[in-house]
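Numbering (mature numbering (1 follows the signal peptide of the UniProt record, and there is no 0)), first residue to last: -31 to -1, 1 to 413.
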């Protein structure tokens, strides 16, 4: 029943999209008179309020813990020589379809405003099991300023499996789709399972957690997760992808070799960052939410948003950490001599249910604009997409009634590909991109 209900909402989304297209998405004179109070009802997150006191910023302090080289080398010696992104892409076994070839249910999950200029649906084998849900996206535009990794244009998306439904061997697992976009008309991808080394590198276990954010910088992939209830920002080295040797339901070392619940490749973590104040219970350290990379700062920075309920009283905080500029720490955060990482900027907003975040400073602007994708306040409906700065907030608006519920139902992660000027995101069924210029034009 729940699945059919979601499909009915998607069909209503298709009908609404057709109606809006018929009117050219024109904003009528009446729509421009929408009042401030109406905007508040629509979920306006308001202006950014800087937080600078020690009591505000101290809970964001992280402690870096990197796995000893001996641990990682022991695992690779036992499993075989690690491989990189090129090997995984060359072994792609899934094909995506361009938006025009996707089903009505797939397309109805796309945003109404701004409209996607590129969209793709997954192999049906990967959307048939609704226990797997996409939650994070990052691209080779994050990894390197020229937008490519080696010779490839790549999109990585993080998915999490529910712990109480679906195939038993996959419950609670986290996987990443490595998607090759060299041919935009025929993208292909391969799954890689995220794991954690254990027993000094003699074995590994699955990362069993809901992923909420993911950023690729240089050769490192940073993933927010709460494995076993302990929040962390895990670090993965994309030059340390390992092949499995046997196809069994278990994840880890087995009598016949190395297994990963049927997946051909695993990616072991090489380190983590954890709050020095402990877990996020009680709201002092923020519960980790979406991540993004900001190339408009010097040095490049990691931006993050607090994960809160769309129907709760708690409002989200937004903040950033600087990446290290040391040549031997490419892709890692800047730390002090004790391995601590402190936020270099922090804000309070009125936003709730933030599941996507971006920060970018336009040329000539006094400060950065922050973009947040927010969940709707109930299961039935669409989320909103907002741009915030010190002066206020503007939201993407659709329809003559000035509704701000124009984004996707799931309001999943945002990633800006600076080289192409595109913002990439996910619905529960599709991968898509919208030009940042179109996003700006959609704001009221």
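Every residue gets a Cβ at the ideal spot worked out from N, C-alpha and C, and that includes glycine.
Local Cβ density within 10 Å of residue 24, reported as buried at 16 or more and exposed below that: exposed
Through-space distance from residue 312 to residue 60, alpha-carbon basis: 39 Å
Using a Cβ-Cβ cut-off of 7 Å (strictly less than) and excluding sequence neighbours within five positions of residue 241, which residues of its own chain qualify? 34, 201, 202, 203, 204
Using the Cα positions of residue 302 and residue 226, report the straight-line distance between them to the nearest angstrom. 35 Å
Less than 8 Å separating the beta-carbons of residue 104 and residue 129? yes
Given a threshold of 16 other Cβ atoms within 10 Å of its Cβ, counted over all protein chains shown, does residue 417 qualify as buried or as exposed? With the chain running from -31 to 413 in the structure shown, residue 417 is simply not present.
Quick check: the segment 338 to 353 against the segment 42 to 57, are there 3 or more CB pairs under 8 Å? no
Indicate the three-state DSSP secondary structure (helix, strand or coil) for residue 309 in the structure shown. strand
Simplified DSSP assignment, three categories, for residue 323: strand
Would you grab the beta carbon distance between residue 207 and residue 191 for me? Rounded to a whole angstrom, and I think it's under 8 Å. Going by Cβ atoms, the distance from residue 207 to residue 191 rounds to 11 Å, so no, they are not a contact pair.
Roughly how many angstroms lie between the CA atoms of residue 154 and residue 67, to the nearest whole one? 6 Å
If we count Cβ pairs, one from each stretch, closer than 8 Å, do we get three or more for the segment 242 to 256 versus the segment 83 to 96? no
Within the same chain, show all residues whose beta-carbon is closer than 6 Å to that of residue 48, passing over the 5 residues directly before and after it, in chain order. 211, 227
Could you check whether the segment 380 to 391 touches the segment 306 to 321, counting it as contact only if at least three pairs of C-beta atoms, one from each stretch, sit closer than 8 Å? no
Keeping to the same chain, check which residues put their C-beta closer than 8 Å to that of residue 308; ignore five residues upstream and five downstream. 32, 33, 34
Measure the C-alpha to C-alpha separation of residue 65 and residue 146 and round it to an integer number of angstroms. 11 Å
Figure out for me which residue from 235, 181, 126 has the closest Cα to the Cα of residue 194. 181
Between which residues of its own chain and residue 392 is the CB-CB distance below 8 Å, once the five residues before and five after are set aside? 327, 340, 383, 384, 385, 386, 402, 403, 404, 405, 408
Let me know the secondary structure DSSP gives residue 274 once reduced to three states. strand
Could you check if residue 275 is buried or exposed, using at least 16 other CB atoms within 10 Å of its CB as the buried criterion? buried
Kindly indicate the opening and closing residues of the beta strand (DSSP E) around residue 226. 226 to 229
Assuming residue 236 is part of the beta strand (DSSP E), what are its boundary residues? 234 to 244
List the residues that DSSP assigns as beta-bridge partners of residue 357. 339, 362
Alpha carbon to alpha carbon, how far is residue 83 from residue 388? Give it in angstroms, no decimals. 20 Å
In angstroms with no decimal places, state the Cα-to-Cα distance between residue 325 and residue 224. 42 Å
Let's test the definition: count the other Cβ atoms within 10 Å of the Cβ of residue 186 and tell me whether it reaches 16, buried, or not, exposed. buried
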